[in-house]
Amino acid sequence: MTHTNLKINDLLANLETNLAKAILGRQLNNPLMIGIRTGGVWIAEAMHQRLGIQEPLGLLDIAFYRDDFSQIGVHPNVKPSQLPTNIEGRDIILVDDVFYTGRTIRAALNEIFDYGRPNQVILAVLIERNGRQIPLCPDCVGASISLDAGQRIKLTGPDPLAIHVENVVAAA
1 MTHTNLKIND
11 LLANLETNLA
21 KAILGRQLNN
31 PLMIGIRTGG
41 VWIAEAMHQR
51 LGIQEPLGLL
61 DIAFYRDDFS
71 QIGVHPNVKP
81 SQLPTNIEGR
91 DIILVDDVFY
101 TGRTIRAALN
111 EIFDYGRPNQ
121 VILAVLIERN
131 GRQIPLCPDC
141 VGASISLDAG
151 QRIKLTGPDP
161 LAIHVENVVA
171 AA
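Note that the UniProt record's numbering has the sequence shown beginning at 1, numbered continuously upward.
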């Protein structure tokens, strides 16, 4: 998909369809949906409602689990994660806005496993883009796109939820 065709409603509908198929295909039982702050939470809220998930939505802030934490330092907007105290044996749907290098998902899985060992985890992302650095990939996507090195995807929201491609200016 070209990035000029990024329409949030189409992306959400595609993700919902793919996620519904994965839930049936993998026979998830009373799944717990977890959104990664901040954009992943916005997407998870939409999917949670569209799919009629009964369990309360979990919120994950992976700031302290990032492998570049020592480089970026303490981020002033770190919020606590809100997950059940025990997720042992649970079916999990992990949701993020953009899958890029895989490092955010690695950090999220590390934090989830600190709460217990889930039965299985489905990874759902609104957009998968080129640039993977870790051997992980999403199970469900709204769209897969390729961007140039100087571009990134920006999600704004939560209301209205919108997505666009930005050109990144290199630091001098």
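Yeah, the Cβ is synthetic: ideal placement off N, Cα and C, and Gly gets one too.
DSSP state of residue i, grouped into three classes?
{"i": "V169", "result": "coil"}
{"i": "R152", "result": "strand"}
{"i": "L28", "result": "coil"}
{"i": "residue 202", "result": "Nothing about residue 202 can be read from this structure; the chain reaches only from 1 to 172."}
{"i": "A124", "result": "strand"}
{"i": "D91", "result": "strand"}
Does the separation of the CB atoms of residue i and residue j fall below 8 Å?
{"i": "G40", "j": "V121", "result": "no"}
{"i": "L60", "j": "I34", "result": "yes"}
{"i": "L12", "j": "A46", "result": "yes"}
{"i": "N167", "j": "S146", "result": "no"}
{"i": "R132", "j": "T101", "result": "yes"}
{"i": "I53", "j": "P84", "result": "no"}
{"i": "E16", "j": "L57", "result": "no"}
{"i": "L123", "j": "V98", "result": "no"}
Please classify residue i as buried or exposed, where buried requires at least 16 neighbouring CB atoms within 10 angstroms.
{"i": "E88", "result": "exposed"}
{"i": "R117", "result": "exposed"}
{"i": "P138", "result": "buried"}
Problem set entry | Minimum length 4: unbroken alpha helix (DSSP H) runs contained in the segment 99–147 | Correct list: 103–115.
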